[in-house]
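Written below as structure tokens is the structure these notes are about.
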Amino acid sequence: MNEFVVRMNGGLKQVKIIDDNFVEVDNVKLSYSIIELNHSKFILKINNKIYETSVWNKSNGEISLQLNNSSIDLSIRTTLQEKAYQLLSTSQSNADQIKIIKSPMPGLVLKILKSVGENISKGETVMILEAMKMENEIRANFDGIITEIHVSEGRPVEKYIPLFSHK
Amino acid sequence: MFKKILIANRGEIAVRIIKACRELGIKSAAVYSDADLTSLHARMADESFYIGASAASESYLNKNKILELAKTISADAIHPGYGFFSENALFIEEVEKSGITFIGPSSKSVKMMGSKTAARTLMSKNNVPVVPGSLEAIKNVEEGIEYSEKIGFPVLLKASAGGGGKGMRKVISKEEFKSAFESTKREALKSFANDEVYIEKFIENPKHIEVQVIADKHGNYRHVFERECSIQRRHQKIIEEAPSAFVDDITRNRITTAAVQAAKACSYFNAGTIEFLMDSNKEFYFLEMNTRIQVEHPVTEFISGIDLVREQISIAAGNKISFEQNEISINGYALECRIYAEDPENNFLPSTGKILHYKEPNGIGVRVDTGFTADSEISIHYDPMIAKLICWDRDRNKVIQRMKRALNEFQIAGITTNVKFLNYILNTDEFLGGNYDINFIDNLNYYTSTSDKLSSNNNEHEIAASVLAALIKTKKKSAQKINSTVNNNNNWWEQNYE
Numbered sequence: 036m037n038e039f040v041v042r043m044n045g046g047l048k049q050v051k052i053i054d055d056n057f058v059e060v061d062n063v064k065l066s067y068s069i070i071e072l073n074h075s076k077f078i079l080k081i082n083n084k085i086y087e088t089s090v091w092n093k094s095n096g097e098i099s100l101q102l103n104n105s106s107i108d109l110s111i112r113t114t115l116q117e118k119a120y121q122l123l124s125t126s127q128s129n130a131d132q133i134k135i136i137k138s139p140m141p142g143l144v145l146k147i148l149k150s151v152g153e154n155i156s157k158g159e160t161v162m163i164l165e166a167m168k169m170e171n172e173i174r175a176n177f178d179g180i181i182t183e184i185h186v187s188e189g190r191p192v193e194k195y196i197p198l199f200s201h202k
Numbered sequence: 007m008f009k010k011i012l013i014a015n016r017g018e019i020a021v022r023i024i025k026a027c028r029e030l031g032i033k034s035a036a037v038y039s040d041a042d043l044t045s046l047h048a049r050m051a052d053e054s055f056y057i058g059a060s061a062a063s064e065s066y067l068n069k070n071k072i073l074e075l076a077k078t079i080s081a082d083a084i085h086p087g088y089g090f091f092s093e094n095a096l097f098i099e100e101v102e103k104s105g106i107t108f109i110g111p112s113s114k115s116v117k118m119m120g121s122k123t124a125a126r127t128l129m130s131k132n133n134v135p136v137v138p139g140s141l142e143a144i145k146n147v148e149e150g151i152e153y154s155e156k157i158g159f160p161v162l163l164k165a166s167a168g169g170g171g172k173g174m175r176k177v178i179s180k181e182e183f184k185s186a187f188e189s190t191k192r193e194a195l196k197s198f199a200n201d202e203v204y205i206e207k208f209i210e211n212p213k214h215i216e217v218q219v220i221a222d223k224h225g226n227y228r229h230v231f232e233r234e235c236s237i238q239r240r241h242q243k244i245i246e247e248a249p250s251a252f253v254d255d256i257t258r259n260r261i262t263t264a265a266v267q268a269a270k271a272c273s274y275f276n277a278g279t280i281e282f283l284m285d286s287n288k289e290f291y292f293l294e295m296n297t298r299i300q301v302e303h304p305v306t307e308f309i310s311g312i313d314l315v316r317e318q319i320s321i322a323a324g325n326k327i328s329f330e331q332n333e334i335s336i337n338g339y340a341l342e343c344r345i346y347a348e349d350p351e352n353n354f355l356p357s358t359g360k361i362l363h364y365k366e367p368n369g370i371g372v373r374v375d376t377g378f379t380a381d382s383e384i385s386i387h388y389d390p391m392i393a394k395l396i397c398w399d400r401d402r403n404k405v406i407q408r409m410k411r412a413l414n415e416f417q418i419a420g421i422t423t424n425v426k427f428l429n430y431i432l433n434t435d436e437f438l439g440g441n442y443d444i445n446f447i448d449n450l451n452y453y454t455s456t457s458d459k460l461s462s463n464n465n466e467h468e469i470a471a472s473v474l475a476a477l478i479k480t481k482k483k484s485a486q487k488i489n490s491t492v493n494n495n496n497n498w499w500e501q502n503y504e
């Protein structure tokens with residue numbers, strides 16, 4: 036039950052909590068201790084190294100955490116959940132992958148440069164979002180075709196609002 | 007000396023001014039908007055006044071509200087900081103009329119330097135070299151293209167009322183001109199309430215060198231040496247240093263003399279900065295004068311020992327400059343890194359939200375100027391700069407090492423910052439060698455180079471992160487465990503931590 040698969044930065048780690056003092060990461064045994072300072076801050080010691088950590092934004096196994104000076108986004112599943120995930124993702128992989136680009140910040144949609152059905156290449160600007168008095172270019176992150184535009188020019192958007200989809 | 011100063015600004019510069027006021031025994035009055043309820047300046051000032059909604063036009067740019075407040079609370083001076091009203095001649099004029107002292111230059115000097123085109127004309131007349139380009143605003147696209155072809159592409163489109171990197175665009179060809187012209191005009195109108203745009207010849211690969219000047223109301227002029235601010239992105243400075251490794255004594259003498267000349271040409275008083283572009287032959291051209299305190303003033307303070315903000319206040323109160331030119335010299339080397347709430351790995355998009363965890367670096371030769379702390383909110387309404395990290399050491403190599411150490415100590419959680427990116431720049435051969443120009447960041451392929459260059463201690467962090475995640479996932483069970491850990495095992499904690 037205490038075995039997990041953790042994904043981050045494009046890699047994967049297997050973690051097994053052995054007991055209150057030891058943990059195994061990718062089959063390497065490490066000693067650990069942890070102190071909870073408040074609901075989001077922990078002091079974590081692994082072997083002889085102490086880390087100051089903060090944890091936030093937890094949903095569906097997605098965790099963002101701060102470890103000393105570095106921020107890390109990761110997803111975690113129990114080995115059981117991982118198996119289910121593997122099954123699910125192989126059955127989906129044949130379908131066209133549609134990617135939704137969401138607003139990275141609240142702002143105003145200033146200009147939409149592409150329309151549905153248009154081809155786009157990686158790095159190409161699709162729309163301009165104004166925030167913090169600056170015009171920010173929202174770009175496609177792979178080659179493909181626009182399948183949907185979710186917003187219109189002049190519309191203010193909140194963070195994480197879908198802007199456009201492409202495949 | 008003044009009794010109470012109203013600080014018509016926010017963030018780190020407001021905090022910086024509050025500190026100077028306190029040292030001078032002057033009461034500080036802060037203003038804050040809805041979005042800044044949680045920011046540091048409002049908490050720190052002797053008095054804090056709410057002035058309106060988050061949008062700057064409702065609060066920090068609401069002229070009448072600020073002027074009225076200054077009168078109501080009997081402030082005898084207003085410090086504008088940088089940005090907002092600092093270079094707004096109309097605002098300064100009204101302050102002057104009201105009998106309240108403006109901590110900065112006269113509205114007349116600001117007017118002379120405020121229009122970039124008028125300033126260029128004035129400098130030409132006073133033998134300060136300027137970049138070739140139009141001396142007046144461009145009326146339409148056709149005229150702009152014609153003019154650009156005359157001086158030759160690439161050109162730079164600039165807002166006449168601009169500054170701080172906003173409202174500027176490089177145009178490589180005729181085809182790009184129309185859209186660049188329109189978007190520069192839009193940005194200029196929004197940022198400066200003036201959509202006049204002019205054209206300058208784009209100088210290839212220059213360095214950005216600027217000179218700090220300071221003058222009093224008795225006609226005394228001083229310079230406080232140069233700063234180099236060539237590390238910029240979209241004309242927004244990111245890393246600044248003083249002195250410049252590129253400037254030798256002869257060039258320093260020439261450029262500081264030109265800067266004082268420029269200040270005299272507009273009968274300047276208070277602190278100001280003359281910005282120049284310097285080409286590879288060490289020829290320099292006047293770019294603009296910033297008639298206010300600069301973001302990067304701390305590097306100058308570190309190498310000269312002069313407190314520029316305190317000097318500003320003292321001069322505004324009618325005192326003479328507190329030092330003679332020959333009393334100051336360059337001591338050591340200072341670097342400043344601007345910590346921005348932005349994501350360098352995602353096209354530098356601004357990051358907003360609450361700062362969940364915040365811990366500053368410290369130690370010898372380390373200074374942090376910030377307007378935020380844990381639980382502060384970084385909003386979309388203002389500049390995304392979170393903090394300035396400034397380091398000093400005896401030479402350039404040492405200060406770079408110190409800066410890297412300090413950057414690694416900086417802990418900011420909850421929003422994405424450019425700290426890794428800054429660290430990356432400090433490790434490049436170009437930066438270490440002092441061998442770079444203002445196009446350095448544009449030519450940097452950070453996105454593809456990050457993964458391999460930064461991964462050295464990443465694995466250790468990834469292991470710790472995965473352990474932490476696993477422990478949190480089993481938190482229900484580990485709640486008891488944590489308690490027992492504290493009880494059984496608290497020796498290392500008490501001895502080693504802090």
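Chains as they are written, first to last, in this note's numbering: chain E, 36 to 202; chain S, 7 to 504.
Heads up, the beta-carbon is just placed ideally off N, CA and C, and yes, glycines get one too.
What do you get for S:K103, buried or exposed, if any count of 16 or more other CB atoms within 10 angstroms of its CB means buried? exposed
When burial is assigned at 16 or more other CB atoms within 10 Å of the CB, is E:K202 buried or exposed? exposed
With a threshold of 7 angstroms on Cβ separation, who are the neighbours of S:E506 within its own chain once the five nearest residues in sequence on each side are excluded? This structure gives no information on residue 506 of chain S, because the portion of chain S shown stretches from 7 to 504.
Report the neighbours of S:Q238 on chain E: residues whose CB is nearer than 7 angstroms to its CB, in chain order. Within chain E, no residue comes near S:Q238; the closest Cβ sits about 14 angstroms away, beyond 7 angstroms.
Straight-line Cα distance separating S:N200 from S:D458: At S:D458, the pLDDT of 47 sits below 50, so the modelled position is not reliable; the number obtained from the coordinates is stated separately. Between S:D458 and S:N200, the C-alpha separation is close to 45 angstroms.
What does a CB cutoff of less than 8 angstroms around S:A51 pick up in its chain, not counting 5 residues either side in sequence? I13, A20, I24, S34, A35 and A36
Residues of chain E with CB under 8 angstroms from S:P390, in chain order? Those within 8 angstroms of S:P390 in chain E are M167.
Taking 8 angstroms as the CB-CB cut-off, is E:M162 touching chain S? Taking Cβ atoms only, chain S never reaches closer than 8 angstroms to E:M162, which makes this a no.
Three or more beta-carbon pairs under 8 angstroms between the region 271-279 of chain S and the region 287-303 of chain S, yes or no? yes
For S:K191, I'd like the list of residues in its chain whose CB is within less than 7 angstroms of its CB, leaving aside the five on either flank, ordered along the chain. Within the same chain, S:K191 has close Cβ partners D201 and V203.
Who pairs with S:H229 in a beta bridge, going by DSSP? S:V219
Closest Cβ-Cβ distance between S:V253 and chain E: below 8 angstroms? S:V253 has a beta carbon lying at 8 angstroms or more from every beta carbon in chain E.
Mind listing which residues of the region 88-105 of chain E have their C-beta closer than 9 angstroms to chain S's C-betas, in chain order? T88, S89, V90, W91, N92, K93, G96, I98, S99, L100, Q101, L102, N103, N104 and S105
Using a Cβ-Cβ cut-off of 8 angstroms, state whether E:E170 counts as contacting chain S. yes
Thinking C-alpha only, which one of E:D178, E:K51, E:Y86 and E:K157 is nearest S:N353? E:K157
Assuming S:E302 and S:E246 make a contact with CB atoms under 8 angstroms, what is their CB distance in whole Å? 4 angstroms
Tell me which residues share the same chain as E:N176 and place their Cβ nearer than 6 angstroms to its Cβ, disregarding the 5 neighbours each side in the sequence. Cβ within range, chain order: n/a, list empty.
So, at 8 angstroms on beta carbons, what are the nonlocal neighbours of S:W498 in its own chain, with the 5 sequence-adjacent residues on each side left out? Only weak support is given to the placement of S:W498: the predicted model assigns it a pLDDT of 40, under 50, and the question is left unresolved by the model.
Along the alpha helix (DSSP H) that carries S:T123, what are the first and last residues, could you check? K122 to K131
So S:N68 packs on S:I79, CB below 8 angstroms; how close in whole Å? At roughly 16 angstroms, the Cβ-Cβ gap does not stay under 8 angstroms, so S:N68 and S:I79 are not in contact.
Taking 8 angstroms as the CB-CB limit, is S:Q417 close to chain E? The Cβ of S:Q417 sits closer than 8 angstroms to at least one Cβ of chain E.
Could you tell me the boundaries of the beta strand (DSSP E) in which E:H201 lies? Residues P197 to H201.
Anything in chain E within Cβ reach of S:S3, meaning under 7 angstroms, just list it in chain order. What the structure shows of chain S is the stretch from 7 to 504, and residue 3 of chain S is not part of that stretch, so it cannot be assessed.
Along chain E, which residues have their Cβ under 7 angstroms away from the Cβ of S:N414? N104
Given S:I447, which residues of its chain have a CB within under 8 angstroms of its CB, disregarding the five upstream and five downstream residues? I237, Q238, R239, I244 and I431
Leaving aside the five residues before and after S:F108 along the sequence, list all residues of the same chain whose C-beta is less than 8 angstroms from its C-beta, in chain order. A83, I84, P86, I98, V101, E102 and A322
Beta bridge counterpart(s) of S:K2 as assigned by DSSP: Since the first residue shown for chain S is 7 and the last is 504, residue 2 of chain S is missing from the structure and cannot be characterised.
Host beta strand (DSSP E) of E:R42 (start-end): E38 to M43
For E:Y120 and chain S, any beta-carbon pair shorter than 8 angstroms? no
Contact between the region 140-147 of chain E and the region 188-202 of chain E (3+ Cβ pairs under 8 angstroms): yes
Rounded to the nearest angstrom, how far is the Cβ of S:S54 from that of S:D40, given a contact under 8 angstroms? Not confirmed; about 13 angstroms, so no contact.
Return the chain-ordered list of same chain residues with a C-beta closer than 8 angstroms to the C-beta of E:L47, the five sequence neighbours on each side being excluded. V40 and V41
Can you tell me whether S:D255 is buried or exposed? The criterion is at least 16 other CB atoms within 10 Å of its CB, across all chains shown. Here S:D255 is exposed, its C-beta having fewer than 16 other C-beta atoms within 10 Å.
For a test of your reading of the model: does the CB of S:G89 fall under 7 angstroms from any non-hydrogen atom of the ligand ATP? Yes or no. The ligand ATP is absent from the structure shown, which contains no ligand whatsoever.
For E:M43, tell me which candidate among E:E165, E:G179 and E:S105 has the shortest Cα-Cα distance. E:S105
S:F8 to S:G105, Cα distance in whole Å? Distance between the alpha carbons of S:F8 and S:G105: 13 angstroms.
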